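Student: As numbered in the numbering used here, residues 231 to 530 make up the sequence shown, in order.
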Amino acid sequence: MSEPSPAAHITANTPLLPAIRAWEMYLLDQNRSPYTVKAFVGDLQLLAAHMPPDRPVGAITTKDLNQFLQWLQNGRGIPCSPKSLARRITSIKAFFRWLAQSGRISPDPAEKVLQQSVMSPLPIILTPEEEQRVIEVAHKYRVAKKPDARPYTLLMLLLTTGIKKGECLALNVNHIDLESPNGPILFIRYATPRSRYKERKIDLTPEWVESYREYLAQYTPRDTIFPWSPRRLEYLLEDLGEEAGLEKHLSFDMCRWTSVLNDWRAGIEHDQIRQKMGISKIQWREINFKLRRLSGEVVS
(Lines of atoms letter the chains of each structure in order from A and count residues from 1; the text may use other names and numbers.)
(Lines give C-alpha, C1' and ligand atoms only; values in the text may rest on other atoms or scores of the structure.)
Protein backbone atom coordinates (compact mmCIF):
# COMPACT_ATOMS: atom_id res chain seq x y z
CA MET A 1 0.00 0.00 0.00
CA SER A 2 1.50 3.34 -1.07
CA GLU A 3 2.26 6.11 1.39
CA PRO A 4 -0.23 9.02 1.43
CA SER A 5 0.89 12.26 -0.19
CA PRO A 6 2.33 14.85 2.22
CA ALA A 7 -0.39 17.20 0.96
CA ALA A 8 -3.22 14.75 1.76
CA HIS A 9 -4.22 16.42 5.05
CA ILE A 10 -3.77 20.01 3.80
CA THR A 11 -6.84 22.14 3.00
CA ALA A 12 -7.42 25.80 2.19
CA ASN A 13 -8.09 26.30 5.92
CA THR A 14 -4.73 24.90 7.04
CA PRO A 15 -2.46 27.48 8.71
CA LEU A 16 0.73 28.37 6.90
CA LEU A 17 3.27 26.59 9.12
CA PRO A 18 1.72 23.09 8.92
CA ALA A 19 1.42 23.53 5.15
CA ILE A 20 5.10 24.47 4.98
CA ARG A 21 6.02 21.33 6.95
CA ALA A 22 4.02 19.21 4.50
CA TRP A 23 5.81 20.87 1.58
CA GLU A 24 9.16 20.16 3.23
CA MET A 25 8.23 16.45 3.44
CA TYR A 26 7.23 16.52 -0.22
CA LEU A 27 10.52 18.08 -1.32
CA LEU A 28 12.53 15.52 0.65
CA ASP A 29 10.44 12.71 -0.86
CA GLN A 30 11.41 14.08 -4.28
CA ASN A 31 15.11 13.68 -3.39
CA ARG A 32 15.71 17.41 -3.48
CA SER A 33 19.04 18.55 -2.07
CA PRO A 34 18.83 19.04 1.72
CA TYR A 35 20.49 22.45 1.25
CA THR A 36 17.83 23.49 -1.28
CA VAL A 37 15.03 22.28 0.99
CA LYS A 38 16.50 24.14 3.96
CA ALA A 39 16.74 27.38 1.96
CA PHE A 40 13.19 27.07 0.54
CA VAL A 41 11.65 26.24 3.92
CA GLY A 42 13.55 29.08 5.57
CA ASP A 43 12.11 31.51 3.02
CA LEU A 44 8.57 30.29 3.70
CA GLN A 45 9.04 30.42 7.46
CA LEU A 46 10.01 34.06 7.06
CA LEU A 47 6.71 34.59 5.23
CA ALA A 48 4.84 32.77 8.02
CA ALA A 49 6.46 34.99 10.65
CA HIS A 50 5.34 38.07 8.71
CA MET A 51 1.72 36.95 8.22
CA PRO A 52 -0.99 36.91 10.94
CA PRO A 53 -0.66 33.55 12.77
CA ASP A 54 -4.28 32.57 12.06
CA ARG A 55 -4.15 33.29 8.32
CA PRO A 56 -4.94 30.02 6.43
CA VAL A 57 -3.15 29.28 3.15
CA GLY A 58 -6.37 29.66 1.17
CA ALA A 59 -6.82 33.24 2.39
CA ILE A 60 -3.40 34.49 1.33
CA THR A 61 -3.63 36.85 -1.65
CA THR A 62 -1.26 38.20 -4.28
CA LYS A 63 -1.43 41.54 -2.47
CA ASP A 64 -0.25 39.84 0.75
CA LEU A 65 2.73 38.32 -1.04
CA ASN A 66 3.71 41.56 -2.76
CA GLN A 67 3.50 43.41 0.56
CA PHE A 68 5.76 40.76 2.12
CA LEU A 69 8.32 41.19 -0.66
CA GLN A 70 8.21 44.96 -0.25
CA TRP A 71 8.80 44.50 3.48
CA LEU A 72 11.82 42.29 2.76
CA GLN A 73 13.35 45.00 0.63
CA ASN A 74 12.40 48.14 2.51
CA GLY A 75 10.85 47.43 5.91
CA ARG A 76 12.72 44.58 7.53
CA GLY A 77 15.84 46.58 8.34
CA ILE A 78 18.12 43.78 7.12
CA PRO A 79 19.67 44.05 3.63
CA CYS A 80 18.10 41.68 1.09
CA SER A 81 20.37 41.20 -1.92
CA PRO A 82 18.84 40.86 -5.39
CA LYS A 83 19.97 37.21 -5.44
CA SER A 84 18.28 36.45 -2.09
CA LEU A 85 15.11 38.24 -3.18
CA ALA A 86 14.98 36.26 -6.43
CA ARG A 87 15.37 32.96 -4.52
CA ARG A 88 12.64 33.90 -2.03
CA ILE A 89 10.27 34.70 -4.88
CA THR A 90 11.12 31.31 -6.40
CA SER A 91 10.39 29.63 -3.04
CA ILE A 92 7.02 31.36 -2.71
CA LYS A 93 6.01 30.51 -6.27
CA ALA A 94 7.04 26.86 -5.90
CA PHE A 95 5.16 26.46 -2.61
CA PHE A 96 1.86 27.97 -3.76
CA ARG A 97 2.08 26.23 -7.14
CA TRP A 98 2.38 22.93 -5.26
CA LEU A 99 -0.70 23.77 -3.20
CA ALA A 100 -2.68 24.80 -6.27
CA GLN A 101 -1.66 21.82 -8.40
CA SER A 102 -2.56 19.41 -5.60
CA GLY A 103 -6.02 20.99 -5.40
CA ARG A 104 -5.61 22.49 -1.94
CA ILE A 105 -6.07 26.15 -2.93
CA SER A 106 -7.52 28.05 -5.87
CA PRO A 107 -6.46 30.32 -7.39
CA ASP A 108 -2.66 30.40 -6.98
CA PRO A 109 -1.88 33.79 -5.32
CA ALA A 110 1.80 33.62 -6.31
CA GLU A 111 1.13 33.14 -10.02
CA LYS A 112 1.01 36.89 -10.68
CA VAL A 113 3.95 37.76 -8.43
CA LEU A 114 6.68 38.99 -10.75
CA GLN A 115 9.81 36.84 -10.80
CA GLN A 116 13.03 38.83 -10.59
CA SER A 117 15.91 37.23 -12.42
CA VAL A 118 19.41 38.16 -11.28
CA MET A 119 22.51 38.00 -13.42
CA SER A 120 25.43 36.98 -11.21
CA PRO A 121 28.76 38.77 -11.74
CA LEU A 122 31.14 37.67 -14.48
CA PRO A 123 33.44 34.89 -13.26
CA ILE A 124 37.16 35.44 -12.80
CA ILE A 125 39.23 33.50 -15.31
CA LEU A 126 42.87 32.83 -16.10
CA THR A 127 44.44 34.69 -18.97
CA PRO A 128 46.35 32.44 -21.41
CA GLU A 129 49.62 33.65 -19.89
CA GLU A 130 48.47 32.96 -16.33
CA GLU A 131 47.17 29.55 -17.32
CA GLN A 132 50.53 28.64 -18.84
CA ARG A 133 52.41 29.78 -15.72
CA VAL A 134 50.24 27.65 -13.45
CA ILE A 135 50.63 24.62 -15.72
CA GLU A 136 54.42 25.06 -15.68
CA VAL A 137 54.46 25.14 -11.87
CA ALA A 138 52.34 21.97 -11.67
CA HIS A 139 54.56 20.27 -14.24
CA LYS A 140 57.63 21.16 -12.16
CA TYR A 141 56.30 18.98 -9.33
CA ARG A 142 55.57 16.19 -11.77
CA VAL A 143 59.21 15.97 -12.97
CA ALA A 144 60.91 16.83 -9.66
CA LYS A 145 63.60 14.62 -8.13
CA LYS A 146 60.84 13.20 -5.96
CA PRO A 147 58.04 13.37 -8.55
CA ASP A 148 54.51 14.29 -7.52
CA ALA A 149 51.94 14.02 -10.32
CA ARG A 150 48.99 15.04 -8.14
CA PRO A 151 49.06 18.84 -8.75
CA TYR A 152 49.39 18.44 -12.52
CA THR A 153 46.78 15.66 -12.72
CA LEU A 154 44.21 17.66 -10.75
CA LEU A 155 44.88 20.96 -12.50
CA MET A 156 44.83 19.58 -16.03
CA LEU A 157 41.72 17.51 -15.37
CA LEU A 158 39.89 20.72 -14.41
CA LEU A 159 41.30 22.76 -17.29
CA THR A 160 40.54 20.13 -19.95
CA THR A 161 37.17 18.83 -18.79
CA GLY A 162 35.63 21.88 -17.05
CA ILE A 163 34.01 19.73 -14.37
CA LYS A 164 32.71 21.26 -11.15
CA LYS A 165 34.28 20.83 -7.72
CA GLY A 166 31.57 18.48 -6.51
CA GLU A 167 31.90 16.36 -9.62
CA CYS A 168 35.66 16.18 -9.19
CA LEU A 169 35.40 15.15 -5.55
CA ALA A 170 32.89 12.42 -6.43
CA LEU A 171 35.09 10.80 -9.09
CA ASN A 172 35.95 7.14 -8.61
CA VAL A 173 38.61 5.24 -10.48
CA ASN A 174 35.88 3.32 -12.35
CA HIS A 175 34.62 6.61 -13.79
CA ILE A 176 37.60 6.70 -16.12
CA ASP A 177 37.82 4.30 -19.06
CA LEU A 178 41.32 4.28 -20.49
CA GLU A 179 40.54 1.42 -22.88
CA SER A 180 37.55 2.89 -24.70
CA PRO A 181 37.69 2.10 -28.46
CA ASN A 182 37.21 5.80 -29.27
CA GLY A 183 39.84 7.01 -26.82
CA PRO A 184 39.98 7.52 -23.03
CA ILE A 185 36.75 8.83 -21.50
CA LEU A 186 35.67 10.40 -18.24
CA PHE A 187 32.17 9.49 -17.01
CA ILE A 188 30.36 12.02 -14.82
CA ARG A 189 27.72 10.19 -12.82
CA TYR A 190 25.12 11.23 -10.22
CA ALA A 191 23.54 9.13 -7.49
CA THR A 192 20.19 10.96 -7.34
CA PRO A 193 17.68 10.30 -10.13
CA ARG A 194 16.72 13.99 -10.45
CA SER A 195 20.35 14.86 -11.36
CA ARG A 196 20.76 12.19 -14.01
CA TYR A 197 20.43 14.76 -16.81
CA LYS A 198 23.84 16.08 -15.74
CA GLU A 199 25.51 12.75 -16.46
CA ARG A 200 27.83 12.81 -19.45
CA LYS A 201 30.99 11.51 -21.11
CA ILE A 202 34.00 13.77 -21.68
CA ASP A 203 37.00 12.92 -23.84
CA LEU A 204 40.37 12.88 -22.11
CA THR A 205 43.63 13.97 -23.72
CA PRO A 206 46.61 11.61 -24.14
CA GLU A 207 48.76 14.10 -22.21
CA TRP A 208 46.44 13.95 -19.22
CA VAL A 209 46.21 10.17 -19.34
CA GLU A 210 50.00 9.92 -19.13
CA SER A 211 50.00 12.09 -16.01
CA TYR A 212 47.09 10.12 -14.56
CA ARG A 213 48.96 6.85 -14.92
CA GLU A 214 51.89 8.38 -13.03
CA TYR A 215 49.50 9.61 -10.35
CA LEU A 216 47.94 6.15 -9.99
CA ALA A 217 51.37 4.59 -9.52
CA GLN A 218 52.32 7.16 -6.87
CA TYR A 219 49.10 7.32 -4.84
CA THR A 220 47.24 4.06 -5.70
CA PRO A 221 43.72 5.39 -4.95
CA ARG A 222 41.28 2.55 -4.33
CA ASP A 223 37.91 4.20 -4.83
CA THR A 224 37.84 8.00 -4.89
CA ILE A 225 40.39 9.39 -7.31
CA PHE A 226 41.24 12.37 -5.09
CA PRO A 227 40.70 11.05 -1.52
CA TRP A 228 41.27 14.34 0.29
CA SER A 229 38.96 16.91 1.80
CA PRO A 230 37.59 19.69 -0.43
CA ARG A 231 39.60 22.25 1.54
CA ARG A 232 42.85 20.31 1.08
CA LEU A 233 42.41 20.29 -2.69
CA GLU A 234 41.43 23.96 -2.66
CA TYR A 235 44.69 24.72 -0.82
CA LEU A 236 46.58 22.72 -3.43
CA LEU A 237 45.18 24.91 -6.22
CA GLU A 238 45.76 28.11 -4.26
CA ASP A 239 49.38 27.11 -3.63
CA LEU A 240 49.92 26.54 -7.35
CA GLY A 241 48.50 29.97 -8.10
CA GLU A 242 50.66 31.68 -5.49
CA GLU A 243 53.80 29.94 -6.75
CA ALA A 244 52.91 31.02 -10.29
CA GLY A 245 52.72 34.63 -9.08
CA LEU A 246 48.98 35.04 -9.59
CA GLU A 247 47.19 37.85 -7.80
CA LYS A 248 44.00 35.80 -8.18
CA HIS A 249 43.10 32.87 -5.93
CA LEU A 250 43.15 29.84 -8.22
CA SER A 251 40.00 27.79 -7.62
CA PHE A 252 37.89 24.97 -9.03
CA ASP A 253 35.42 27.49 -10.42
CA MET A 254 38.15 29.56 -12.08
CA CYS A 255 39.51 26.43 -13.79
CA ARG A 256 36.01 25.44 -14.95
CA TRP A 257 35.31 28.83 -16.51
CA THR A 258 38.76 29.01 -18.06
CA SER A 259 38.21 25.60 -19.64
CA VAL A 260 34.81 26.55 -21.01
CA LEU A 261 36.08 29.86 -22.38
CA ASN A 262 38.97 28.04 -24.09
CA ASP A 263 36.43 25.81 -25.84
CA TRP A 264 34.36 28.86 -26.81
CA ARG A 265 37.37 30.65 -28.28
CA ALA A 266 38.40 27.47 -30.11
CA GLY A 267 35.09 27.52 -31.97
CA ILE A 268 33.59 24.42 -30.37
CA GLU A 269 29.90 24.09 -31.25
CA HIS A 270 27.87 25.80 -28.54
CA ASP A 271 25.54 22.93 -27.75
CA GLN A 272 28.57 20.67 -27.42
CA ILE A 273 29.98 23.07 -24.81
CA ARG A 274 26.63 23.06 -22.99
CA GLN A 275 26.55 19.29 -22.89
CA LYS A 276 30.16 19.12 -21.72
CA MET A 277 29.24 21.44 -18.83
CA GLY A 278 26.24 19.29 -17.95
CA ILE A 279 23.75 22.17 -17.84
CA SER A 280 20.24 22.66 -19.18
CA LYS A 281 19.27 24.82 -22.13
CA ILE A 282 17.72 27.31 -19.72
CA GLN A 283 20.94 27.57 -17.71
CA TRP A 284 22.87 27.95 -20.95
CA ARG A 285 21.23 31.31 -21.67
CA GLU A 286 23.11 33.01 -18.85
CA ILE A 287 26.31 31.02 -19.49
CA ASN A 288 26.17 31.96 -23.17
CA PHE A 289 25.81 35.64 -22.29
CA LYS A 290 28.77 35.52 -19.91
CA LEU A 291 31.00 33.69 -22.38
CA ARG A 292 30.27 36.31 -25.00
CA ARG A 293 31.21 39.02 -22.51
CA LEU A 294 34.37 37.20 -21.41
CA SER A 295 35.48 36.66 -25.00
CA GLY A 296 35.21 40.39 -25.71
CA GLU A 297 32.10 40.31 -27.86
CA VAL A 298 29.84 43.35 -27.83
CA VAL A 299 26.64 42.26 -26.10
CA SER A 300 23.61 44.51 -26.26
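Ideal Cβ positions, reconstructed from N, Cα and C, are used throughout, including at glycine. These numbers come from a predicted model, not from an experiment.
Looking at the strands, I want to know which residues DSSP matches up with D294.
Tutor: Per DSSP, D294 has no beta-bridge partner at all.
Student: For T244, count the other beta carbons within 10 Å of its own beta carbon; 16 or more makes it buried, fewer makes it exposed. Which is it?
Tutor: buried
Student: Is the beta carbon of L385 less than 9 Å from the beta carbon of L467?
Tutor: A contact, by the Cβ cut-off of 9 Å.
Student: What whole-angstrom Cβ distance do G392 and S489 have, given they're in contact under 8 Å?
Tutor: 4 Å
Student: For M231, collect the residues of the same chain with a Cβ closer than 6 Å to its Cβ; drop the 5 residues on either side in sequence, then sort them by chain order.
Tutor: With a pLDDT of 43 at M231, under the threshold of 50, the modelled position of that residue is not reliable, and the figure given next carries that caveat. Nothing meets the Cβ criterion.
Student: Tell me which residue opens and which closes the beta strand (DSSP E) that I432 is part of.
Tutor: Counting along the chain, the beta strand (DSSP E) containing I432 begins and ends at R430 to D433.
Student: Taking the alpha helix (DSSP H) that F456 belongs to, which residues open and close that run?
Tutor: Unbroken run through F456: none, as it is neither H nor E.
Student: Could you give the distance in angstroms between the alpha-carbon of K520 and the alpha-carbon of I240?
Tutor: 43 Å
Student: Quick one: what's got a C-beta closer than 7 Å to A278's C-beta in the same chain, skipping five residues either side?
Tutor: L246, L247 and I250
Student: Should the stretch 414–424 be regarded as contacting the stretch 466–481, the criterion being three or more beta carbon pairs within less than 8 Å?
Tutor: no
Student: On a CA-only basis, which of R363, E437, T450 and P436 is nearest N402? Give me that one, please.
Tutor: T450
Student: Ignoring anything shorter than 4 residues, give me the alpha helix (DSSP H) runs that lie fully in the stretch 471–517, in order along the chain.
Tutor: Considered as a whole, the stretch 471–517 harbours 482–495 and 500–507 as its complete alpha helix (DSSP H) runs of no fewer than 4 residues, in chain order.
Student: By DSSP, does L416 sit in helix, in strand, or in coil?
Tutor: strand
Student: Please say whether F325 and W253 have beta carbons closer to each other than 9 Å?
Tutor: With respect to the 9 Å criterion, W253 and F325 are classified as neighbours on the basis of their beta carbons.
Student: State the Cα-Cα distance for the pair I418 and A242, rounded to the nearest angstrom.
Tutor: 44 Å
Student: State buried or exposed for V373, treating a residue as buried only when at least 16 other CB atoms are found within 10 Å of its CB.
Tutor: Flag for V373 reads exposed.
Student: Quick one, which of E397, R495, P381 and E499 has its alpha-carbon nearest L446's?
Tutor: P381
Student: How about L463 and W487: are their beta carbons less than 9 Å apart?
Tutor: no
Student: Whole angstroms is fine: what's the gap from A496's alpha carbon to N518's?
Tutor: 15 Å
Student: Given this structure, state the Cα-to-Cα distance separating W494 from L476, to the nearest angstrom.
Tutor: 23 Å
Student: Tell me the DSSP bridge mates of N404?
Tutor: Partner(s): none; N404 has no beta bridge.
Student: Among L387, Y427, A421 and H405, which one has its Cα closest to the Cα of E440?
Tutor: L387
Student: Does the beta-carbon distance from R363 to E341 come in below 9 Å?
Tutor: no
Student: Measure from the alpha carbon of G333 to the alpha carbon of each residue in I455, E527, G288 and S510, then state which is nearest.
Tutor: Comparing Cα positions, the closest option is G288.
Student: Can you tell me whether DSSP reads P339 as helix, strand or coil?
Tutor: coil
Student: Name, in chain order, the residues that DSSP records as bridge partners for P423.
Tutor: BP columns for P423 are empty, so no partner.
Student: Work out the CA separation of L274 and M255 for me, nearest whole Å.
Tutor: 14 Å
Student: Reducing DSSP to helix, strand and coil, say where P264 ends up.
Tutor: Assigned with DSSP and collapsed to three states, P264 falls in helix.
Student: When DSSP labels each residue in this structure, what does P377 get in the three-state scheme?
Tutor: In the three-state DSSP reduction, P377 falls in the coil class, being neither helix nor strand.
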